[in-house]
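> The working numbering applies: residue 11 is where the sequence shown begins, and numbers increase by one. Next up is a structure, given as structure tokens.
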Amino acid sequence: MKHQGVILSVVALAALLAGCSGGTTPGSGDSGVAPMSLQGVVHGGQAPIAGSMVTLYAASLQPLAGASVVSGPVATDANGGFTFSSFTCPSPNAQMYVVSTGGNAGSGSSSSSSSSSSSSGSSSSSSSSGSSSSSGGSNSAIHLMAILGQCESLLRSVTINELTTVAAAYTVNQFIGPSGCANCGSSGPPDAVNNISGPAPGLPSAMGNAALLADSITGLDAPTLPNSAECPSSGTVPANCLSVKKLNTAANALAACVNSSGPTSSQCAQLFDCMTPGAVYSTTTSCTLPSGATPPADTLQAILSTARNPAKVSMEGIYETAAHDAVFSPTNTGIGTDYTLSLNITGAGMSGPNSLAIDAYGDVWLANFSAGTVSEIGPNGAPLTELGDAGIGYPVGTGPSSIAFDLSGNAWVVNEQGNNIDVLNPQGQFVLGSPLSTGTSSSPTTVAIAPTNGSAWVSIDGGSGVVKQWDAVGAETSSSGFPVGNTPSGVAVDAAGYVWVANEGANSVTQLSPAGALVSTNTTDFSGPETVAVDPSGNIWVTNQSGTAVTELLVADEKVISTNTFKGGGIGATVGAAIDAAGNVWVTTIANTNIVVAELNSSGVALSPTAGFIGAGLASIGPLAIDQSGNVWVADGGSNSVTVFFGAAAPTITPLANAIAQGFAP
11 MKHQGVILSV VALAALLAGC SGGTTPGSGD SGVAPMSLQG VVHGGQAPIA GSMVTLYAAS
71 LQPLAGASVV SGPVATDANG GFTFSSFTCP SPNAQMYVVS TGGNAGSGSS SSSSSSSSSS
131 GSSSSSSSSG SSSSSGGSNS AIHLMAILGQ CESLLRSVTI NELTTVAAAY TVNQFIGPSG
191 CANCGSSGPP DAVNNISGPA PGLPSAMGNA ALLADSITGL DAPTLPNSAE CPSSGTVPAN
251 CLSVKKLNTA ANALAACVNS SGPTSSQCAQ LFDCMTPGAV YSTTTSCTLP SGATPPADTL
311 QAILSTARNP AKVSMEGIYE TAAHDAVFSP TNTGIGTDYT LSLNITGAGM SGPNSLAIDA
371 YGDVWLANFS AGTVSEIGPN GAPLTELGDA GIGYPVGTGP SSIAFDLSGN AWVVNEQGNN
431 IDVLNPQGQF VLGSPLSTGT SSSPTTVAIA PTNGSAWVSI DGGSGVVKQW DAVGAETSSS
491 GFPVGNTPSG VAVDAAGYVW VANEGANSVT QLSPAGALVS TNTTDFSGPE TVAVDPSGNI
551 WVTNQSGTAV TELLVADEKV ISTNTFKGGG IGATVGAAID AAGNVWVTTI ANTNIVVAEL
611 NSSGVALSPT AGFIGAGLAS IGPLAIDQSG NVWVADGGSN SVTVFFGAAA PTITPLANAI
671 AQGFAP
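Dropping the structure here:
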């Protein structure tokens with residue numbers, strides 16, 4: 011393995027299940043693994059589901075291939091139990107999961123109180139808080155899932171229920187479908203929901219993330235999530251209370267259908283209608299479908315529809331459905347604005363992180379402005395320790411303000427207050443003659459890597475109004491730099507090597523040739539331009555920290571042919587920007603005094619709600635990045651943390667320079 015993880019309390023369970031903490035690239039493995047066994051139970055809420063058909067799968071690490079059936083299907087007994095007595099791993103690092111369909115959740119009512127203990131003996135955060143009632147009979151709408159992890163370290167006992175299904179649907183949704191989620195953006199119900207396939211490292215990391223939300227052994231919330239006692243309705247509450255409440259509310263909504271007489275029951279009908287994109291809620295009719303819409307037909311389709319359309323399903327309808335069978339807690343007491351699921355992660359020496367970048371293994375590197383360090387965490391949130399790092403980050407210069415990876419995997423870190431650049435290899439060691447001086451009182455701010463040759467371009471905000479270039483081996487190409495506008499901030503380099511610079515003080519964007527010659531100066535529709543991002547078509551997107559819109563420069567043959575501004579989706583003053591493989595634009599912004607994330611499609615149409623996507627723990631407008639699992643990561647200097655939105659974006663090649671060079675999709 012590339013790294014040895016030092017595990018945060020927030021992600022202790024993830025390391026156990028993932029089997030590949032940051033940096034492991036699965037190979038073909040060895041099919042000669044000794045026979046294994048697996049036993050488990052299928053529950054609807056707290057009630058056993060009898061006669062459910064359970065199948066054990068191995069995900070395909072090829073995006074256009076199908077998952078393979080490893081064992082089953084087998085039917086659950088009267089207590090919901092099942093056993094796969096003997097099976098062989100397709101390879102030691104095969105990513106495994108189980109799916110259950112149909113069955114009978116029983117008759118009458120069943121109530122129980124469940125809890126699990128962590129290593130410290132504390133109770134888990136999910137518990138039974140009501141009765142699970144069912145009219146009995148076979149229920150073809152039951153479709154549940156649980157992620158097991160890497161086969162060589164496979165769990166030997168598993169619970170499949172609504173919580174494990176919600177966790178899987180959100181973290182792995184970009185890889186569920188006929189060809190690695192080819193229909194993720196479809197308005198119809200997802201199909202081929204039993205198939206999980208996609209490339210490494212994105213798919214293994216996504217499957218590992220399921221353990222951050224649900225414990226597949228107990229079927230309860232992940233033990234590191236806050237519990238009901240820690241999430242009061244008022245006062246100071248942990249950052250992740252919002253997330254655990256949304257998680258349990260979604261699970262309760264599924265439970266209402268699972269513990270019913272079947273797909274035509276009022277509970278299932280309400281669930282399916284309200285989890286259809288475009289559903290309109292009213293107190294008299296619950297959810298009305300938009301014209302021509304086809305609702306989901308089972309519980310897994312329903313929660314996948316919600317995960318993929320978090321701003322288009324009916325929040326009110328989901329909450330009302332969840333009230334039928336509130337067996338998991340804590341739950342939401344008010345109506346939210348969207349159904350994204352996010353998690354706030356602290357530790358790893360994070361101290362004022364105001365820049366982040368993701369390496370080829372999916373590890374997240376954060377520049378800590380306040381501490382003069384760089385933190386590295388794995389794709390499942392575990393801090394990573396390397397040579398010379400005591401778990402508090404790699405030491406760099408004073409006031410690191412920007413970080414980017416070159417084509418060799420080295421991290422270029424701009425130290426704004428130190429007037430220099432540090433280059434770290436993947437082990438966090440200084441290379442290329444670090445530190446590289448940017449000049450006395452230069453105040454370098456942002457670095458971008460050219461996808462054509464690996465050179466680094468750095469904006470200089472020391473009154474000179476220039477950008478400077480260092481080649482791939484650390485040699486400065488021009489000591490005086492290349493003139494741009496007043497107060498240059500954001501920098502991006504497109505696939506042809508052209509450099510785009512946002513000039514915050516001049517309300518302009520400058521375009522330079524690959525050699526640094528001035529090509530154009532664009533002054534239309536900017537208000538404190540801050541960050542520049544290149545989309546898969548080569549167009550340029552710019553955030554405006556003093557405005558209320560995002561600006562697009564439409565580019566053809568390296569010439570700007572038009573300028574467009576876009577609002578909506580919660581966009582106010584914007585700072586960070588990132589583009590996913592579908593061409594969707596993600597920005598950090600302020601909506602109604604809240605720090606949120608907004609999303610636009612490639613045409614500028616808002617995909618986020620008017621209040622934006624509200625993430626766990628966001629306290630300041632920071633930069634963001636998208637990984638190969640489709641997670642959106644937001645650095646938060648205001649709370650010394652990073653927030654991840656699970657499976658919200660189209661998976662994108664990392665590092666960024668590689669995405670621009672190779673095409674964004676993995």
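No residue lacks a Cβ here, since even glycine has one placed at the ideal position from N, Cα and C.
In terms of residues, what are the limits of the beta strand (DSSP E) holding GLU514?
No beta strand (DSSP E) contains GLU514, which DSSP labels as neither H nor E.
> Which term fits SER207, buried or exposed, when burial requires 16 or more other beta carbons within 10 angstroms of its beta carbon?
Under this definition SER207 is a buried residue.
> Measuring CB to CB, does THR598 end up less than 8 Å from VAL607?
Annotated as proximal: THR598 and VAL607, with beta-carbon spacing under 8 Å.
> With a Cβ-Cβ cutoff of 8 Å, do ALA177 and LEU223 count as a contact?
yes
> Which same chain residues, not among the five before or five after ASP432, have their C-beta less than 7 Å away from its C-beta?
VAL406, GLY407, VAL423, ASN425, PHE440, SER444, PRO445
> Please determine whether the Cβ atom of VAL424 lies at a distance below 7 Å from any heavy atom of the ligand ATP.
No copy of the ligand ATP occurs in the structure displayed, which carries no ligand at all.
> Just to confirm my understanding: we take THR93, look at its own chain, exclude 5 residues before and 5 after, and list those with CB closer than 6 Å. What are they?
Once the five neighbours on either side are set aside, the close Cβ partners of THR93 are GLN49.
> Grab the span of the beta strand (DSSP E) containing VAL606 for me, first residue to last.
604–610 is the extent of the beta strand (DSSP E) around VAL606.
> With PHE282 as the anchor, note down where its alpha helix (DSSP H) starts and where it stops.
276–284
> Starting from the Cα of SER47, find the closest Cα among GLY55, MET155, VAL168, ALA69 and give me that residue.
VAL168
> Suppose the cutoff is 7 Å on Cβ atoms and the five residues either side in sequence are ignored; what does the same chain contact list for VAL79 look like?
Take VAL79, set aside five residues on each side of it, and the residues of its chain with a beta-carbon closer than 7 Å to its own are THR65, TYR67, in chain order.
> Identify every residue that forms a DSSP beta bridge with THR599.
THR584, VAL606
> Let's see if you can read the secondary structure: which residues bound the beta strand (DSSP E) around MET46?
Element bounds for MET46: 46–54.
> With TYR180 as the anchor, note down where its alpha helix (DSSP H) starts and where it stops.
172–182
> From THR487 to ASN435, what distance separates their C-alpha atoms?
In this structure, the alpha-carbon of THR487 lies about 22 Å from that of ASN435.
> Identify, in the order they occur along the chain, each residue of the same chain with its Cβ nearer than 6 Å to the Cβ of GLY657, setting aside the five sequence neighbours on each side.
TYR180, THR181, ASN183, GLN184, GLY640
> Among residues of its own chain, excluding the 5 on either side of GLU172, which ones have a beta-carbon nearer than 6 Å to its beta-carbon?
Within the same chain, Cβ atoms closer than 6 Å to the Cβ of GLU172 are found at ALA261, LEU264, ALA265, the five residues on either side in sequence being excluded.
> Which of the three DSSP states is assigned to ALA675 in this structure?
The answer is coil: DSSP assigns ALA675 none of H, G, I, E or B.
> Take SER710 as the anchor and find which of SER453, ASN463, THR584 has the nearest alpha-carbon.
In the structure displayed, the chain extends from 11 to 676; residue 710 sits before or after that span and is not available.
> Going by Cα to Cα distance, which pick from ALA506, ASN650, PHE97, ILE152 is closest to ALA115?
For the residues ALA506, ASN650, PHE97, ILE152, the minimum Cα distance to ALA115 belongs to ILE152.
> Taking the CB atoms as reference points, tell me whether ALA69 and LEU158 lie closer together than 8 Å.
no
> Would you call the CB atoms of VAL501 and ALA460 closer than 8 Å?
no
> On the three-state DSSP scale, how would you describe GLY91?
strand
> I'd like the list of long-range same chain contacts for ALA635, defined as Cβ closer than 7 Å, with 5 residues on each side in sequence excluded.
LEU366, ALA367, ILE368, ALA588, TRP643
> Could you check if GLY15 is buried or exposed, using at least 16 other CB atoms within 10 Å of its CB as the buried criterion?
Caution is warranted here: a pLDDT of 31 is assigned to GLY15, below 50, making its placement in the model unreliable, and the coordinate value is therefore given only provisionally. Result: buried.
> Just confirm the distance between the C-beta atoms of GLY409 and ILE355, as a whole number of angstroms; I'd bet it's less than 8 Å.
Wrong, their Cβ atoms sit about 23 Å apart, outside the cutoff.
> Is PRO539 near VAL560, with beta carbons less than 8 Å apart?
no
> What is the residue span of the beta strand (DSSP E) that LYS569 lies within?
Bounds of the beta strand (DSSP E) holding LYS569 are 569–576.
> So VAL5 is in the alpha helix (DSSP H); what residue range does that whole segment cover?
Since the first residue shown for the chain is 11 and the last is 676, residue 5 is missing from the structure and cannot be characterised.
> Excluding the five sequence neighbours on either side, which residues of its own chain have a C-beta within less than 7 Å of the C-beta of THR534, listed in chain order?
THR573
> So does the segment 577–585 actually touch the segment 309–318, counting three or more Cβ pairs closer than 8 Å?
no
> Relative to the C-alpha of VAL595, which residue among ILE571, ILE605, ALA601, ASN549 is closest?
ASN549
> Tell me which same chain residues have a C-beta within less than 7 Å of the C-beta of SER651, skipping the five on either side of it?
ASN354, ILE355, THR356, MET360, GLY627
> Output needed for ASP308: all residues of its chain with C-beta closer than 6 Å, excluding positions within five of it in sequence on either side, in chain order.
ALA151, HIS153
> Should ALA645 and ASN364 be called a contact, given that it needs their Cβ atoms to be closer than 8 Å?
yes
> Taking all protein chains shown into account, do 16 or more other C-beta atoms lie within 10 angstroms of the C-beta of LEU528, making it buried, or fewer, making it exposed?
So LEU528 ends up on the exposed side.
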